[in-house]
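See structure below.
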Amino acid sequence: MRNVLKISGIFLALILLFSCKKKETLFNSPDVVTADVSEILYATAISGGTVTNYGGTQVSQRGVCWGKDSNPTIENSRTIDGSGSGEFTSSITGLEFGTSYHLRAYATNSDGTSYGSDKAFTTRTSGTTFNTSLTYGTVADMDGNSYKTIQIGSQVWMAENLKTTKLNDGTAIPVVSNTEQWMDLLTPAACWYDNNEALYKSIYGAYYTWFAVSTGKLCPVGWHVPSDT
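Read in order, the letters of the sequence shown are residues 12 to 240 in this note's numbering.
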């Protein structure tokens, strides 16, 4: 009986030694690096990142996320800039003027979401910044908007973007906000960036159709839209 038990114990040990076990596959969240923030304007900026290691499963989503506090997550504002590994570029929009933000690149696979390092940046303030060491002139349009002017060589240029809604003979320039209607226009018209006059008029001025430009009356009297020359 003692010999039988001894043999059974050896047999059990062999079973445990040679029995099969399912191979475990370890997956990890991806590695991503945040690109520097560039082209920072009043309400927009450019960043992006690089997915350097996809972590064992395909990166299904990547981009940047941002907020006013450090180390933002995808629960904050974010872009979605494709999938997979490698470099990507992100266009950040909808920012507030003169505001400090934090931004991180992110990459998501089936195991989770990883983030790159935190990058801080501040958007530009409203309006145009002028060089106090230069001497500026002024010119006004038919709406009564006053613009600073600057001499460059033998030419005098506006130092601000045109924002009139009247031709220089007093004719009103219609403001058109509908994109499809704008594309079909064959007449003078104007619009504002993002259709937001209050926010963007002082920065970007107005956008005009070529038909407004070609009247020859868009600029103040004595001024003209520059030629290629």
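The beta carbon of each residue, even a glycine, is placed where N, CA and C say it ideally should be.
> Thinking C-beta only, is Arg115 closer than 7 Å to Asp92?
Replying inline: Position 81 of the sequence shown holds residue 92. Position 104 of the sequence shown holds residue 115. No.
> Tell me which same chain residues have a C-beta within less than 8 Å of the C-beta of Thr147, skipping the five on either side of it?
Replying inline: By one-based count along the sequence shown, residue 147 stands at place 136. For clarity, residue 147 is Tyr in the given sequence; the question names Thr instead. In the same chain as Tyr147, and ignoring 5 residues on each side of it, the C-beta atoms closer than 8 Å to its own belong to Phe141, Lys159, Thr160, Ile161, Ala170, in chain order.
>> According to DSSP, simplified to helix, strand and coil, what is Lys33?
In response: Looking up residue 33 in the sequence shown gives position 22. For Lys33, the predicted model reports a pLDDT of 44, less than 50, meaning its position is unreliable and no value from the coordinates is stated.
> Roughly how many whole angstroms lie between the Cα atoms of Tyr211 and Asp205?
Replying inline: Counting from 1 along the sequence shown, the entry for residue 211 is found at position 200. Counting from 1 along the sequence shown, the entry for residue 205 is found at position 194. Cα-Cα distance, rounded: 8 Å.
> For Thr176 versus Ala201, is the C-beta spacing smaller than 7 Å?
Replying inline: Here residue 176 corresponds to residue number 165 of the sequence shown, with the count starting at 1. Here residue 201 corresponds to residue number 190 of the sequence shown, with the count starting at 1. Their beta carbons are under 7 Å apart, which means Thr176 touches Ala201 by this criterion.
> Whose C-beta lies closer than 7 Å to the C-beta of Val232 among residues of the same chain, with five residues either side of it excluded?
Replying inline: What you label residue 232 is simply residue 221 of the sequence shown in a count that begins at 1. Asn179.
>> Do Ser96 and Ser58 count as a contact pair if the criterion is CB distance below 7 Å?
In response: The sequence position of residue 58 within the sequence shown is 47, counting from 1. The sequence position of residue 96 within the sequence shown is 85, counting from 1. In this structure, Ser96 does not lie closer than 7 Å to Ser58 by Cβ.
>> Report the CB separation of Thr119 from Ser71 in whole angstroms; it is logged as a contact under 8 Å.
In response: By one-based count along the sequence shown, residue 119 stands at place 108. By one-based count along the sequence shown, residue 71 stands at place 60. Confirmed, Cβ separation roughly 6 Å.
>> Please report the straight-line C-alpha distance between Gly138 and Val62, rounded to a whole angstrom.
In response: Here residue 138 corresponds to residue number 127 of the sequence shown, with the count starting at 1. Here residue 62 corresponds to residue number 51 of the sequence shown, with the count starting at 1. Those two C-alpha atoms are separated by around 37 Å.
>> By the DSSP assignment, the beta strand (DSSP E) with Glu98 in it spans what residues?
In response: Locating residue 98 in the sequence shown gives position 87, where the first residue counts as 1. Under the DSSP assignment, Glu98 falls in the beta strand (DSSP E) whose first and last residues are 97-103.
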